[in-house]
């Protein structure tokens with residue numbers, strides 16, 4: 001067991017080491033611009049990425065906003081369960097994010113998606129709609145890249161395909177964004 005844990009830790013470090021620092025700095029500036037322009041920020045994903053989306057919106061909407069004194073307009077599209085299940089039931093699960101964006105999204109808003117595979121059909125469909133309607137799109141993906149790496153205006157790729165390690169690295173990026181505003185707000 002100790003060897004397995006040691007190997008996991010090594011692999012986890014390698015996944016975190018693959019985070020492209022310059023790309024994350026660009027991402028932080030996009031969030032800074034969205035804040036200045038009072039743009040809506042939408043965040044979503046499936047499974048562990050959905051949990052990361054909820055966690056991130058909490059940290060950005062509360063922690064970062066409290067520190068700055070100006071509020072991030074951030075929303076996790078994963079958190080309205082009754083709406084998601086109605087959309088999934090009445091239309092298709094592929095539509096659970098795109099139909100929410102159709103209600104809320106405006107040109108110039110920011111969409112951040114997380115998907116280890118980069119191929120989640122409901123996330124891909126929402127990003128396609130966002131691109132066609134002038135929203136800015138960012139995808140955090142794993143080493144397989146998938147369709148999202150090609151569709152999004154900016155894709156940040158973690159060079160690993162292990163779901164747990166990639167999701168941890170994605171959350172690390174989310175924490176970097178939040179703490180950039182909490183610890184280095186200028």
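Residue numbers (the numbering used here): 1 to 186.
For every residue, glycine included, the Cβ atom is placed at its ideal position computed from N, Cα and C.
This structure is a prediction, so every number in the text was calculated from the model and none was measured.
Other residues of its chain near residue 158: CB distance less than 6 Å, five sequence neighbours each side excluded: Here residue 158 refers to the residue found at position 158 when the chain shown is read from its first residue. Cβ contact annotation for residue 158 (same chain, cutoff 6 Å, sequence separation greater than five): 15, 18, 142, 166 and 169, in chain order.
Work out the CA separation of residue 162 and residue 27 for me, nearest whole Å. Looking up residue 27 in the chain shown gives position 27. Looking up residue 162 in the chain shown gives position 162. If you draw a straight line from the Cα of residue 27 to the Cα of residue 162, it is about 23 Å long.
The alpha helix (DSSP H) enclosing residue 58, as first and last residue numbers: Residue 58 sits at position 58 when you count from the first residue of the chain shown. For residue 58, the uninterrupted alpha helix (DSSP H) run begins and ends at 48-58, by DSSP.
For the stretch 89-98 against the stretch 123-137, are there 3 or more C-beta pairs whose distance is under 8 Å? Taking a contact to require three or more Cβ pairs closer than 8 Å, the stretch 89-98 and the stretch 123-137 qualify as touching.
Continuous alpha helix (DSSP H) assignments of at least 4 residues falling wholly in the stretch 80-104: Complete alpha helix (DSSP H) runs here, min 4: 81-90 and 98-104.
Classify residue 69: buried if its beta carbon has 16 or more other beta carbons within 10 angstroms, exposed otherwise. Here residue 69 is taken as the residue at index 69 of the chain shown, counted from 1. Exposed, by the Cβ-count rule.
Apart from the five residues on each side of it in sequence, which residues of its chain come closer than 6 Å, Cβ to Cβ, to residue 80? Taking the chain shown and counting its residues from 1, one reaches residue 80 at position 80. Contacts found: none.
In the DSSP assignment, find the unbroken alpha helix (DSSP H) run with residue 16 in it and report its ends. Here residue 16 refers to the residue found at position 16 of the chain shown. First-last of the alpha helix (DSSP H) with residue 16: 2-17.
By alpha-carbon positions, which one of 71, 50, 155 and 78 ends up nearest to residue 21? Numbered from 1 along the chain shown, position 21 holds the residue referred to as residue 21. Residue nearest to residue 21 within the set 71, 50, 155 and 78 is 155 (criterion: CA-CA distance).
Residue 34 (DSSP reduced to helix, strand or coil): The residue labelled residue 34 in the question sits at position 34 within the chain shown. Of the three classes helix, strand and coil, the one that applies to residue 34 here is helix, per DSSP.
Mind checking whether residue 46 and residue 120 have CB atoms under 8 Å apart? Indexing the chain shown from 1 puts residue 46 at position 46. Indexing the chain shown from 1 puts residue 120 at position 120. In contact: residue 46 and residue 120 (Cβ atoms closer than 8 Å).
Go ahead and pull the three-state DSSP assignment for residue 120. Taking the first residue of the chain shown as position 1, residue 120 is located at position 120. Coil at residue 120, not helix or strand.
One question on the structure: do residue 140 and residue 114 come within less than 8 Å of each other, judged by their Cβ atoms? For this step, residue 140 is matched to residue 140 along the chain shown. For this step, residue 114 is matched to residue 114 along the chain shown. The Cβ-Cβ distance between residue 140 and residue 114 falls below 8 Å.
Between the alpha carbons of residue 86 and residue 122, how many angstroms are there, rounded? Residue 86 sits at position 86 when you count from the first residue of the chain shown. Residue 122 sits at position 122 when you count from the first residue of the chain shown. Approximately 15 Å between the Cα atoms of the pair.
Chain-order list of residues whose beta-carbon lies under 6 Å from that of residue 89 (same chain, five-residue window excluded): As a working note, residue 89 is residue 89 in the chain shown. Nothing listed; no residue qualifies.
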